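Have a look at the structure below, then the notes.
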Amino acid sequence: MLYTSYMHTSRRRSFWRFLRRHLLLIVIIISLVAASLITINWFTNSINTLTAERQAESAAELARLDAEIQEIVEQRAEEERLRKLAEAKKTAEEVIRNPSQAAQTVDASSCNVSGERTDATQPSVLVNKKHCIQPLSYAPSDLVTVNGATISAKAADDFQALFAAAQAAGQPLSVTSSYRSYSTQVATYNYWVSISGASGADEYSARPGYSEHQTGFAVDFANSTGSCSLDCFGTTSQYSWLQENAATYGFIQRYYAGKENVTGYMAEEWHYRYVGPTVALDMKDKGILTLEEYWGLPGGDY
Ligand SMILES: [Zn+2]
Numbered sequence: 145m146l147y148t149s150y151m152h153t154s155r156r157r158s159f160w161r162f163l164r165r166h167l168l169l170i171v172i173i174i175s176l177v178a179a180s181l182i183t184i185n186w187f188t189n190s191i192n193t194l195t196a197e198r199q200a201e202s203a204a205e206l207a208r209l210d211a212e213i214q215e216i217v218e219q220r221a222e223e224e225r226l227r228k229l230a231e232a233k234k235t236a237e238e239v240i241r242n243p244s245q246a247a248q249t250v251d252a253s254s255c256n257v258s259g260e261r262t263d264a265t266q267p268s269v270l271v272n273k274k275h276c277i278q279p280l281s282y283a284p285s286d287l288v289t290v291n292g293a294t295i296s297a298k299a300a301d302d303f304q305a306l307f308a309a310a311q312a313a314g315q316p317l318s319v320t321s322s323y324r325s326y327s328t329q330v331a332t333y334n335y336w337v338s339i340s341g342a343s344g345a346d347e348y349s350a351r352p353g354y355s356e357h358q359t360g361f362a363v364d365f366a367n368s369t370g371s372c373s374l375d376c377f378g379t380t381s382q383y384s385w386l387q388e389n390a391a392t393y394g395f396i397q398r399y400y401a402g403k404e405n406v407t408g409y410m411a412e413e414w415h416y417r418y419v420g421p422t423v424a425l426d427m428k429d430k431g432i433l434t435l436e437e438y439w440g441l442p443g444g445d446y
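Per the working numbering, the very first residue in the sequence shown carries number 145; after that it's consecutive.
Right, here's the structure in full:
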């Protein structure tokens, strides 16, 4: 028991002795270890910061390159658009000088599928993508200009009455397009062909000889200032007035939404066709929206 206690005390003493003798060394070792840890930590942090900076720089550089490439692509597209426009202008000018060359776009021998309602001088004519005007380069001989519209004399009195009635009802109208000649349609159509190709052109423009505007029985309306035309016109009170009253004066909206497969055209709230009051009012009474359905004749695409 005594011996054990002696040994214990002796070991503790030698430990303290050792500590006293080597204190400086121990402090130095601890300091070195601490310094090493701090240095390693500092290096790691520095490397991380540098890596993050490099990554940010690379991302910025990539973004800059992307923007440059995008700019070049846009420039090329703009150059291409301008080149096509210049080509289209040239084609249109050539066609206006020499309209006969455009007839190639239409198969004149088979362009009136049913062979019915072919008299382009009458409001009973049917013109759609399956019924061309015959002859293709037909021009009405009785065109007159009233209230800003150039139309067939057969439609002129009713048109003037409609225009005056709209004005009196506080729904004044204006006309953005009416008679268009065959050569104008050639130039318009060829312009679209040069921009979008033949299939694209057919979406935007009637082929020469297939436009109701060539008969002198079609009018495109806008509000009185012309500030709201085409797609905008369907939202106006003038449009609502026409829906109620146009038939009285022999006019119908020719292309309705939901009838694209029947007429072959997208809805056009602005495009009105003169068919005479008898037909227009009968269509209204029966709730028939297209001439194709009213007359039982084919329409749709070419
Ligand atoms: Zn039109």
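Glycine included, every Cβ here is placed at the ideal spot set by N, Cα and C.
All figures in this text were calculated on a predicted structure; none of them were measured in a lab.
For VAL423, which of HIS415, PHE395, TYR416 has the nearest alpha-carbon?
It is PHE395.
Report whether the distance from the Cβ of ASP346 to the nearest heavy atom of ligand 1 is below 8 angstroms.
No - ligand 1 has no heavy atom lying nearer than 8 angstroms to the Cβ of ASP346.
Please work out which residues of its chain come closer than 7 angstroms, Cβ to Cβ, to ASP263, disregarding the five sequence neighbours upstream and downstream, and give them in chain order.
Once the five neighbours on either side are set aside, the close Cβ partners of ASP263 are VAL269.
Does DSSP put TYR409 in a helix, a strand or coil?
In the structure shown, TYR409 sits in coil (DSSP, three-state: anything other than H, G, I, E or B).
Assign LEU433 to one of three DSSP states: helix, strand, or coil.
Three-state DSSP puts LEU433 in coil, outside helix and strand.
Entirely within the stretch 300 to 375 and at least 3 residues each: give me those beta strand (DSSP E) ranges in chain order.
Entirely contained in the stretch 300 to 375, the beta strand (DSSP E) runs reaching 3 residues are, in chain order, 317 to 321, 362 to 367.
Can you tell me where the alpha helix (DSSP H) with GLN382 in it begins and where it stops?
Taken as a continuous stretch (DSSP letters only), the alpha helix (DSSP H) holding GLN382 covers 381 to 389.
Taking SER259 as the reference, which of THR265, LYS274, ALA179, GLN266 has the closest Cα?
Here the sequence assigns Gly to residue 259, which means Ser is not the residue at that position. Considering only alpha carbons, the answer is LYS274.
Rounded to whole angstroms, what is the Cα-Cα separation between SER281 and LEU386?
Each residue's alpha carbon lies about 31 angstroms from the other.
Using the DSSP secondary-structure output, state which residues sit across from ALA293 in a beta bridge.
Answer is VAL290, bridged to ALA293.
Report the option in GLY440, ASN185, SER296, THR380 whose CA atom is closest to the CA atom of VAL363.
The residue with the shortest Cα to Cα distance from VAL363 is SER296.
Tell me the rounded alpha-carbon separation between THR320 and ALA366.
When rounded, the distance between both Cα atoms is 6 angstroms.
Buried or exposed for ALA350, going by 16 or more other Cβ atoms inside 10 Å?
Buried: at least 16 other Cβ atoms inside 10 Å.
Counting along the chain, where does the beta strand (DSSP E) carrying TYR396 start and finish?
A small fix is needed here, since residue 396 is Ile in this sequence, not Tyr. Run containing ILE396: 395 to 399, per the beta strand (DSSP E) assignment.
Cβ of GLU436 versus every heavy atom of ligand 1: is any distance shorter than 8 angstroms?
No, the beta carbon of GLU436 sits no closer than 8 angstroms to any heavy atom of ligand 1.
Can the beta-carbon of TYR433 be found closer than 9 angstroms to that of THR392?
The sequence shown places Leu at residue 433, rather than the Tyr named in the question. Not in contact: LEU433 and THR392 (Cβ atoms no closer than 9 angstroms).
Buried or exposed, going by whether 16 or more other CB atoms sit within 10 Å of the CB of THR369?
Looking at its Cβ environment, which holds fewer than 16 other Cβ atoms inside 10 Å, THR369 is exposed.
Would you mind sorting THR328 into buried or exposed? The rule is 16 or more other CB atoms within 10 Å of its CB.
Label assigned to THR328: buried.
Can you find the residues in the same chain that come closer than 6 angstroms, C-beta to C-beta, to PRO421, ignoring five residues on each side of it along the sequence?
Once the five neighbours on either side are set aside, the close Cβ partners of PRO421 are GLY394.
Between the Cα of TYR323 and those of ALA390, ILE339, CYS372, HIS415, spot the shortest distance and give me the residue it belongs to.
Answer by Cα proximity: HIS415.
Is the separation between the beta-carbon of GLU356 and that of ARG261 shorter than 9 angstroms?
No, the Cβ-Cβ distance between GLU356 and ARG261 is not below 9 angstroms.
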